[in-house]
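Undergrad: Oh and the sequence shown: position 152 is 814 in the numbering used here, straight run, nothing missing.
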Amino acid sequence: MTKEVVLKHLKQYVMIAIGVLFMDIGYYFFFSPANLVSGGVTGISIIIKPFLDSINMSQSIFLYIIEAVCLLLGLFLLGKDFFIKTILAAILAPTYVFIFEHICPQDIFMQHIENKLLITTIVASGLSGLGIGICLNNNGSTGGMDIVQKCLSKYLHVPYSITMYLTDWVIILIGGMSFENGFSYNIENVVFGLASVYLIAYIIDTITLNARTRRTAYIITTKPEEIKELIYTEIGRGVTESSVRGGYTKEDKTMLICVLDKTESYKLGEKIKHVDQEAFTFFTKTKEVVGEYDRKPEVQDK
Numbered sequence: 663m664t665k666e667v668v669l670k671h672l673k674q675y676v677m678i679a680i681g682v683l684f685m686d687i688g689y690y691f692f693f694s695p696a697n698l699v700s701g702g703v704t705g706i707s708i709i710i711k712p713f714l715d716s717i718n719m720s721q722s723i724f725l726y727i728i729e730a731v732c733l734l735l736g737l738f739l740l741g742k743d744f745f746i747k748t749i750l751a752a753i754l755a756p757t758y759v760f761i762f763e764h765i766c767p768q769d770i771f772m773q774h775i776e777n778k779l780l781i782t783t784i785v786a787s788g789l790s791g792l793g794i795g796i797c798l799n800n801n802g803s804t805g806g807m808d809i810v811q812k813c814l815s816k817y818l819h820v821p822y823s824i825t826m827y828l829t830d831w832v833i834i835l836i837g838g839m840s841f842e843n844g845f846s847y848n849i850e851n852v853v854f855g856l857a858s859v860y861l862i863a864y865i866i867d868t869i870t871l872n873a874r875t876r877r878t879a880y881i882i883t884t885k886p887e888e889i890k891e892l893i894y895t896e897i898g899r900g901v902t903e904s905s906v907r908g909g910y911t912k913e914d915k916t917m918l919i920c921v922l923d924k925t926e927s928y929k930l931g932e933k934i935k936h937v938d939q940e941a942f943t944f945f946t947k948t949k950e951v952v953g954e955y956d957r958k959p960e961v962q963d964k
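#1: So who's on the other strand from residue 919, going by DSSP bridges?
#2: Apart from the five residues on each side of it in sequence, which residues of its chain come closer than 8 Å, Cβ to Cβ, to residue 906?
#3: State buried or exposed for residue 839, treating a residue as buried only when at least 16 other CB atoms are found within 10 Å of its CB.
#4: Buried or exposed: residue 898, going by 16 or more other Cβ atoms within 10 Å of its Cβ?
#5: Do residue 862 and residue 815 have their C-beta atoms within less than 8 Å of each other?
#6: From residue 795 to residue 940, what does the alpha carbon distance come to, in whole angstroms?
#7: Between 721, 811 and 805, which lies nearest to residue 711 when the distance is taken from Cα to Cα?
#8: Are the Cβ atoms of residue 797 and residue 681 separated by less than 8 Å?
#9: With H, G and I counted as helix, E and B as strand and the rest as coil, what does DSSP make of residue 997?
#10: Please say whether residue 697 and residue 687 have beta carbons closer to each other than 8 Å?
#11: To the nearest angstrom, report how far apart residue 854 and residue 803 are at their CA atoms.
#12: Alpha carbons only, please: which of 900, 876, 875 and 669 is nearest the one belonging to residue 887?
#13: Determine the direct distance from the alpha carbon of residue 776 to that of residue 766, and round the result to whole angstroms.
#14: Tell me residue 847's beta-bridge partners as DSSP assigns them.
#15: Residue 699 and residue 833: beta carbons closer than 8 Å?
#16: Check whether the Cβ atoms of residue 732 and residue 809 lie closer than 8 Å to each other.
#17: Would you mind listing the alpha helix (DSSP H) stretches within the segment 750-818 that are 4+ residues and don't spill past its ends, in chain order?
#18: Taking its Cβ as the centre, do 16 or more other Cβ atoms sit within 10 Å of residue 717, making it buried, or is it exposed?
#19: Per DSSP, residue 942 is paired with what?
#20: Assuming contact is defined by CB atoms lying nearer than 8 Å, are residue 945 and residue 878 in contact in what I supplied?
#21: Helix, strand or coil: how does DSSP classify residue 947 here?
#22: CB residue 703 to CB residue 806, shorter than 8 Å?
#23: Just to confirm the assignment, what range does the alpha helix (DSSP H) spanning residue 707 have?
#24: Buried or exposed for residue 736, please, with buried defined as at least 16 other CB atoms from any protein chain shown within 10 angstroms of its CB.
#25: Taking the C-alpha atoms as reference points, what is the distance between residue 867 and residue 912?
#26: Look at residue 885 and residue 937 and say whether their C-beta atoms are less than 8 Å apart.
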């Protein structure tokens, strides 16, 4: 394993740790003190919090137990590879909560806020969506209910998006029930919980899609070598070339294809004019790039 690969994996682990930290901040300081259930194992811990208090069990210990059960489930049903990708987040999630429980009170931010549900929906959903998005962008899993959802998707042969929303909805609907002083149902908590799920999903999609969005340049030119040299030296990207022919002129030319960051596309568009003013260049938005996009060509010193 090369040094570059080790550093890449190390960076991913660090980013996953940061992502889980954001999720736990949203859960411990906002979702839990506001008693707002938004799905997942953390939502289950909020639902049974009165029971945990009655047996003198902290939420972090409960999370350790349920994460361990989910990890074993994932190991047997989803395989070793998924287990390895998930174990970091599954260990960190309850560990952060355990640390929070011993250094600061849970209502430190919420104690003076009146509209707790609205603030929690906005702030905690933002933190959770950001954290999950960071984990997914670094090939990580958030553990917990994510494992159950993937198992249901695999063995019930239904899309993962359906099992994800279905399990969260069930947990949120159960979270609206209350048996204190007889049975009652808190529809307000359910509505805010559902809104939180959709907000988290929107933030995750925004982060994961935008992080992979690039620009693709298509350059039709009679000076391919000069433009390739420009891209190699000034932009630092690789190029794919293809022979093309004008439909009207029947003139043979070369089309260069290059995937770029947004700022690099602006830079390249200006520089092409200085090399070939007659080049026909257009840029398209590329939603996702898979492969050796980040590998830049080594330019030999002349």
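The beta carbon of each residue, even a glycine, is placed where N, CA and C say it ideally should be.
TA: Quick look at the numbers:
#1: 880 and 902
#2: 882, 914, 915, 916 and 917
#3: exposed
#4: exposed
#5: no
#6: 43 Å
#7: 721
#8: yes
#9: Lying outside 663 to 964, the shown extent of the chain, residue 997 is not represented and no answer is given.
#10: no
#11: 25 Å
#12: 900
#13: 21 Å
#14: 839
#15: yes
#16: yes
#17: 778-799 and 807-818
#18: exposed
#19: 882
#20: yes
#21: strand
#22: yes
#23: 702-709
#24: buried
#25: 44 Å
#26: yes
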